[in-house]
Amino acid sequence: MKDEFFSSVGRISQVVYIVRVILLVALVAVVFKVSTSYFHHDPAHEFLMPLAYFFTIVTSIFATLTILMQSIKRLHDMEKGPMWASLLFVPGLNVLFILYAAAAPSRAK
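Residue 1 is where the sequence shown starts when you use this note's numbering, and the numbers rise one by one after that.
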């Protein structure tokens with residue numbers, strides 16, 4: 001079965017999960033850095049800084065939803081219910097959940 005990146009169907013291993021989460025967090029960091037440096041380089045363009053924050057927020061929402069899909073796949077691999085992925089929306093617990101999902105062993109058949 002072909003693994004689709006934006007789907008919650010299927011299973012992924014620990015390594016794939018870790019790599020995808022790191023890449024998505026890095027994407028948000030790069031978008032923030034590039035957009036703030038682009039709009040902040042000249043005092044004449046400083047009024048456009050909210051646009052940089054908008055790009056970062058949109059990218060963050062995209063990354064959060066994609067990490068949610070990857071977490072559901074990882075939970076399938078650990079034979080846990082997908083409702084545990086809702087912990088991503090609880091501040092503080094989201095980091096602990098991602099660390100748990102990255103460290104827990106697979107129970108795939």
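A virtual CB, placed ideally from N, CA and C, is assigned to each residue, including glycine.
- Taken through DSSP and simplified to helix, strand or coil, V90 comes out as coil.
- Taking all protein chains shown into account, V58 has fewer than 16 neighbouring C-beta atoms within 10 Å of its C-beta and is therefore exposed.
- Between S7 and M69, the gap from beta carbon to beta carbon is short of 8 Å.
- If you compare the alpha carbons of T36, V28 and F5 with that of Y17, the shortest gap goes to F5.
- The segment 91–107 and the segment 70–78 touch, with three or more beta-carbon pairs separated by less than 8 Å.
- Taking 8 Å as the cut-off, the Cβ atoms of T56 and V31 count as close.
- Here DSSP, grouped into helix, strand and coil, assigns D42 to coil.
- Within the same chain, L88 come within 6 Å of N94 by CB-CB distance, once the 5 residues on both sides are set aside.
- In terms of Cβ geometry, S35 and A52 form a close pair [threshold 8 Å].
- In the three-state DSSP reduction, F55 falls in the helix class (H, G or I).
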